[in-house]
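Per this note's numbering, the sequence shown starts with residue 830, numbered consecutively. Heads up, the beta-carbon is just placed ideally off N, CA and C, and yes, glycines get one too. All of these numbers come straight from a predicted model, not from anything done at the bench. Data first, discussion second: the structure below is written as structure tokens.
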Amino acid sequence: MTTPLLAEFPELTHLSREDLEDLLTDPQYFQAIFHSLDRVKTLRQDHAELGMANESIASTSCVYPTSHDLIKATDNNLRLQESLYQLRSETQEAFNEAKTLEARWKEIEREQKEVYQRFSPQFLLMRLKHSTIAQDDASEALASAFINEQVQSGTSTPNGGAGVDEFIKEFKELRKVYHKRAMWGERWSDGKIAWRGD
């Protein structure tokens, strides 16, 4: 006798019609036969293996700390708290000092630039030109003062010849410095003076 039930479950072919009817009426008999089927045994075995695999994964990757572990971690954190606060404070102080030094560095760099500016070729040429003009003015002022003194005294040689000799010596020295400066200024302007970069 071939039925759809026996075609689906060939393991039940050894049961008689009465046994099949008892399967429908007796739940304990049904459970006993059902759990003896090879398919069910394989399914239960696979289910058990999957359960063990899940437990294994859960125990290795999702370890939940116990209250003892939490207390131990809290104690450790509290023990490290003071040193961490100290380290934070030291770091803040070092950062503040670095900012202060950075500001000071900018100030020193500005001062250095000003000092170097005073020794740049352009600045030195400007100073040479100013000092040349000042030297010319000083020698002309000396000459004017000498002439005014002569005019006021009404003599061609005030204080005798000693005054003229002294004037000539002083005027000559002033003009010598003036001409040296003028000569260096001309050479510099003509590009005959080269400044080394060191």
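Please determine, among the options, the residue with the shortest C-alpha to C-alpha distance to residue i.
i	options	result
Leu866	Thr831, Phe838, Arg956	Phe838
Leu953	Arg868, Trp1017, Gln979, Arg846	Trp1017
Asp966	Tyr1007, Glu931, Lys928	Tyr1007
Are the CB atoms of residue j and residue i within a distance shorter than 9 Å?
i	j	result
Thr961	Gly1020	no
Phe1000	Ser949	no
Ile862	Leu835	no
DSSP three-state call for residue i: helix, strand or coil?
i	result
Ala967	helix
Arg846	helix
Asp1019	coil
Leu866	coil
Asp994	helix
Asp855	coil
Gly880	helix
Thr895	coil
Phe838	coil
Thr832	coil
Arg1010	helix
Arg947	coil
Between which residues of its own chain and residue i is the CB-CB distance below 6 Å, once the five residues before and five after are set aside?
i	result
Phe996	Phe975
Asp904	none
Ile1022	Arg1016
Output needed for residue i: all residues of its chain with C-beta closer than 7 Å, excluding positions within five of it in sequence on either side, in chain order.
i	result
Ala1011	Thr961
Arg1004	Ser968
Val852	Checking the displayed sequence, the identity of residue 852 turns out to be Leu instead of Val. Excluding residues within five positions, the ones whose Cβ falls inside 7 Å are Tyr858, Phe859, Ile862.
Val869	Phe863
Arg939	none
Looking only at its chain, what residues have a beta carbon closer than 8 Å to the beta carbon of residue i, apart from the 5 residues adjacent to it on each side?
i	result
Gln964	Leu1003, Val1006, Tyr1007, Arg1010
Asn925	none
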